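Asker: The structure follows.
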């Protein structure tokens, strides 16, 4: 069945540095919207000229908000040089504007039964679905330990650091590990996410590994997880952003 199309209103735009924005969209009161943490939507760019085949441009964005936030939906948008959504649709949007979305879509959701530990491994905007999953699992008081392993190149790209640290302080079963691979003044981890995961996960562990980001990183993390006996599609799950 084809996913429904909704016309939302951009309620809030939070700039997160030069290249990233956090959008909060509000549905119409009559809209019936439900999603699972980890799913995505297509943003419909109907104010950009159609593609050569006549189709309207769509682009997928992971949902960064969790299901209990009724009536709204949150997305991370990153500027991509020469990208069609950069030159047209989202870069020019402002609060109060309309935005059409299609969804919810996808099956990148938390799998049952839960293991002892879930590792969320992401880089850049790949953190978006894990933000939704982490808040959802903590809200539901799920019986699972959560390790959020979040990597970026530069320290000014580590968004929501304070929020995540406050969340972990309130929920002892959540551990955040943030790493910056090209640090200047950063005092924390600077290794690649796959190297850190290798120190954390051991053969025989009851664990699931969720990975989101670019293909090269996903393959490197998947290899580490496979080396300790975990199997793709059984205990390793991923979503590619390229």
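Numbering (our numbering), first residue to last: 16 to 257. Yeah, the Cβ is synthetic: ideal placement off N, Cα and C, and Gly gets one too. Being a predicted model, the structure only gives us computed values, none of them experimental.
Please work out which residues of its chain come closer than 7 Å, Cβ to Cβ, to residue 228, disregarding the five sequence neighbours upstream and downstream, and give them in chain order.
Answerer: Excluding residues within five positions, the ones whose Cβ falls inside 7 Å are 137, 138, 139, 141 and 256.
Asker: Just curious, the beta strand (DSSP E) that residue 225 is in, first and last residue?
Answerer: Counting along the chain, the beta strand (DSSP E) containing residue 225 begins and ends at 222–228.
Asker: Would you mind reading off the limits of the alpha helix (DSSP H) that contains residue 178?
Answerer: Taken as a continuous stretch (DSSP letters only), the alpha helix (DSSP H) holding residue 178 covers 176–185.
Asker: Tell me the DSSP bridge mates of residue 160?
Answerer: Answer by DSSP bridge pairing, in chain order: 132.
Asker: Residue 201 and residue 195: beta carbons closer than 8 Å?
Answerer: Cβ distance < 8 Å, so residue 201 and residue 195 count as in contact.
Asker: Our contact map puts residue 123 next to residue 53 with C-beta atoms below 8 Å; I'd like the distance itself, whole angstroms only.
Answerer: Indeed, because the Cβ distance is near 5 Å, the residues count as touching under 8 Å.
Asker: Between residue 26 and residue 155, what straight-line distance do the alpha-carbon atoms span, to the nearest angstrom?
Answerer: If you take the alpha carbons of residue 26 and residue 155, they lie about 27 Å apart.
Asker: In whole angstroms, give me the CA-to-CA distance for residue 157 and residue 253.
Answerer: Those two C-alpha atoms are separated by around 21 Å.
Asker: Tell me residue 76's beta-bridge partners as DSSP assigns them.
Answerer: According to DSSP, which records beta bridges pairwise, residue 76 is partnered with 56.
Asker: Could you tell me how far apart the beta carbons of residue 193 and residue 165 are, in whole angstroms, since I believe they sit closer than 8 Å?
Answerer: Indeed they touch by this definition, with Cβ atoms about 5 Å apart.
Asker: Could you check which residue in 83, 197 and 198 has the C-alpha nearest to that of residue 258?
Answerer: Look at the range of the chain in this structure, 16 to 257, and you will see that residue 258 is not part of it.
Asker: Here's the rule: buried if 16 or more other CB atoms are within 10 angstroms of the residue's CB, otherwise exposed. What is residue 169?
Answerer: Burial call: exposed.
Asker: Give me, in chain order, the residues of the same chain whose beta-carbon lies closer than 7 Å to that of residue 29; leave out the 5 immediate sequence neighbours on both sides.
Answerer: So the qualifying residues of the chain are 36 and 37.
Asker: Quick check on residue 146: buried or exposed, where buried means 16 or more other Cβ atoms within 10 Å of its Cβ?
Answerer: Under this definition residue 146 is a buried residue.
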